[in-house]
Structures are given as structure tokens and as C-alpha cells.
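Here the UniProt record's numbering is used: the first residue of the sequence shown is 1, the next is one more, and so on.
Even for Gly, the Cβ is constructed at its ideal location relative to N, Cα and C.
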Amino acid sequence: MSTPGTTGTKKTAKEVLDEFGQQVHEQVKTEAENYIDDLKGSLSQAPILGGETTGTTDPCNLKSEYTNLISGSGGGGVTARGDPCKKDTNGNDVDRFSDKQQAEYDNKKIKCSNGGACASFRRLHLCNKSMEKMDTNNNDGKAKHDLLAEVCMAAKYEGESIKTHYPKYQEKYGDSKICTMLARSFADIGDIIRGKDLFLGHKQRKNELEARLQKMFENIQKNNPELKNLKPEQIREYWWNANRDQVWKAITCDAEEEDTYFKTSSGGDYSFSNPKCGHDEGIVPTNLDYVPQFL
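Put into C-alpha cells, the structure is as follows:
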């Protein structure tokens, strides 16, 4: 459904940012068009999930595979990834929107060098811990599939965590809808994948993850001659473009039927995504992943 849109100063900050992101996204799509097939991952072909035996391309139907990957019990010498949402190596649970976590955020552990906030409170404990143990010894041409599995697992658990903790945050602050919060976490994941993350906290873990991502994209390029003339940052950008729809599907696995994402069309009309934040639309309803992180 749609209603007449507003223009000028009546637009919300989210609407302005989403429109800006749409312009950037259109440019990236044009540049990446010739590399879609070379970079598109498939969960059914990810060796870390059991290869072709996985039998599904839906990240929401891989609970047992994710559980095996987390514990390392899936066989084949797969390294245990650990829970994507645990705070530290001691396995402590994180109450993401507690007063304690707010105090940690306020204590400038997530600030830019210029004193401004580089990332949101939510970003303090993103559910991507498992990616820090990604296997980068992939030289069989399936690195793009394994990377998708790793990212979708992080997105799935991130969405589940946001959904679990969201009611307390909404009760206290009341400033974000669930689909918008998922869109912001989705954008955070996109920034990490593309090497654009501005978050300065957890420096050692961040550096370890970045090193693994760089190696993973090296493997992707090495095993595909069509990518040989691209720069590393282009491969990362184009991989995200080719796979972001599957990551959105993963992060919205636990959204409810009544959860919708509010957006504006290029013509200025307001519309809403299908149920579950547009989970089954086949296209990503947000462009916040193409907005600079500090905005």
C-alpha cells in the first residue's frame, strides 16, 4: 500500500538516508552487474555446512547445520566457531540494551578519534563473533559459498538477538521499529564485509576478523579468473551486492508477520514491505547499508 509522500524538510532522517543509500546502491549495481555469477554464493554448496547434502538455500532452515558449526560437531575437521552472540571467550551472555552496556557505550569505547559517535549503541556487541574463526584455507573454488554461510549465520543470530532484546529497548527509548533496527544491523554487517566498518572497539578481535576476510576474498579472486583485474575493495563491494539479499533473508528469519519496513519510492510515495520486514520479497527493502556508517 502507499500514500502520498512528503517532500523537503518534512522527510525524516531515515527517509533521507535511505534515499541517499538508494542512489549509491544503483551505482554499485551497475558497476557490479558483470560479476554477479562469479560472486553469488549458494548455501547448498558451502562445504562447511555439509556441501550439497545441505539441501536448502534458505538460511532460516539451517538450525542443525549452524549448531554443528558453532560446536564443531559436524565432522570433516570443521573448527568450532562458538556462539556468534557471546561477549567473550568465557561464554558470557550479553544483555545488549542493559544499563551496564549503555554505560560502556557512554564511556566512549565506541567513539571516533574526533570524539563523535562512529557507531550506534547496538553495534557494541554485534553477533559476528563466529566469523573470527572462519576457515580461510579454502582453495577449492567454494570460498564464496563458505563466506555466505558464515555471514548468514552471523546475520541469523543477530536478528534473533535484536528480536529478543528489542522489547526492552523499545519500552525504554521508543525510537525505532524492529525492521529499522534489523536494517541498521544489516548495514553494520555490510560495512564489516566491505572493510568500511568505523567501529574502534575490540581492536584485536576486529583486526583478526579483517585479516580473515582479506584472506577469504583473496581466495575468491584466485579461484576465478574473471575477477583477476579487480581491486580487493571492488571484489568485497561486488560480493556484498551479489549476496545481500540472502543476508537480509537471514537477519529477518525471526521477524513477525506484522513487522513491516517503511520506505519511500523514487517518486516520493510511501510504501510498506511485505510481512516479516520483507523477508520473502526477494529484494532488500532497505538501502541503509549504502549510507556512511557515521551518519
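Residue i bridges to which residues according to DSSP?
{"i": "F262", "result": "F272"}
Relative to the C-alpha of residue i, which residue among the options is closest?
{"i": "C277", "options": "A187, Y261, P59 and A250", "result": "Y261"}
{"i": "residue 297", "options": "F20, I36, K144 and D188", "result": "This structure gives no information on residue 297, because the portion of the chain shown stretches from 1 to 295."}
{"i": "E150", "options": "E226, I48, G21 and I220", "result": "I48"}
{"i": "Y157", "options": "S176, P167 and S185", "result": "S185"}
{"i": "T180", "options": "K228, W248 and F199", "result": "W248"}
{"i": "residue 370", "options": "A32, C60 and Q214", "result": "For residue 370 there is no data in the structure shown, the boundaries of the chain being 1 and 295."}
{"i": "A242", "options": "R194, F199 and E171", "result": "R194"}
{"i": "Y35", "options": "K163, H279 and N224", "result": "N224"}
{"i": "E226", "options": "S161, C152, K203 and A32", "result": "A32"}
{"i": "L182", "options": "I162, A211 and D37", "result": "I162"}
Which same chain residues end up closer than 8 Å to residue i when comparing Cβ atoms and leaving out the 5 residues on each side of it in sequence?
{"i": "E281", "result": "S273 and N274"}
{"i": "K216", "result": "The question names Lys, but residue 216 in the sequence shown is Met. Here the set comprises M134, T136, N138, A143, D146 and L147."}
{"i": "L141", "result": "In the sequence as displayed, the identity of residue 141 is Gly instead of Leu. Around G141: N223 and N224."}
{"i": "T53", "result": "With a pLDDT of only 47 at T53, under 50, the local geometry of the prediction cannot be trusted, and the value read off the model is given with reservation. Hits under 8 Å: none found."}
{"i": "C253", "result": "P59, C60, K156, G159, E160 and H279"}
Is any heavy atom in the ligand GDP found nearer than 6 Å to the beta carbon of residue i?
{"i": "E257", "result": "The model on display carries no ligand, and the ligand GDP is accordingly not part of it."}
Who are the Cβ neighbours of residue i in its own chain at under 7 Å, not counting the five residues just before and after it?
{"i": "K133", "result": "T79, R81 and G82"}
{"i": "V24", "result": "Y290"}
{"i": "A13", "result": "none"}
{"i": "A154", "result": "P84, C127, N128, S130, M131 and I189"}
Which whole-angstrom value describes the C-beta separation of residue i and residue j, a residue pair presumed to lie in contact below a C-beta threshold of 8 Å?
{"i": "W239", "j": "L62", "result": "Contact flag wrong, Cβ pair sits at about 20 Å."}
{"i": "Q293", "j": "K196", "result": "7 Å"}
{"i": "G72", "j": "H145", "result": "Going by Cβ atoms, the distance from G72 to H145 rounds to 19 Å, so no, they are not a contact pair."}
{"i": "residue 315", "j": "V284", "result": "Only positions 1 to 295 of the chain appear in the structure, and residue 315 is not among them; the question remains open."}
{"i": "I235", "j": "I220", "result": "6 Å"}
{"i": "E237", "j": "V28", "result": "6 Å"}
{"i": "I178", "j": "A255", "result": "7 Å"}
If I measure Cβ to Cβ from residue i and keep anything under 6 Å in the same chain, skipping five residues before and after, which residues do I get?
{"i": "E208", "result": "E132"}
Over the uninterrupted alpha helix (DSSP H) stretch that includes residue i, give me the two end residues.
{"i": "C179", "result": "I178 to I193"}
{"i": "D245", "result": "P232 to I251"}
{"i": "H202", "result": "Counting along the chain, H202 falls outside any alpha helix (DSSP H), and DSSP gives it neither H nor E."}
{"i": "E65", "result": "K63 to S71"}
{"i": "Q23", "result": "A13 to A32"}
{"i": "I36", "result": "I36 to L39"}
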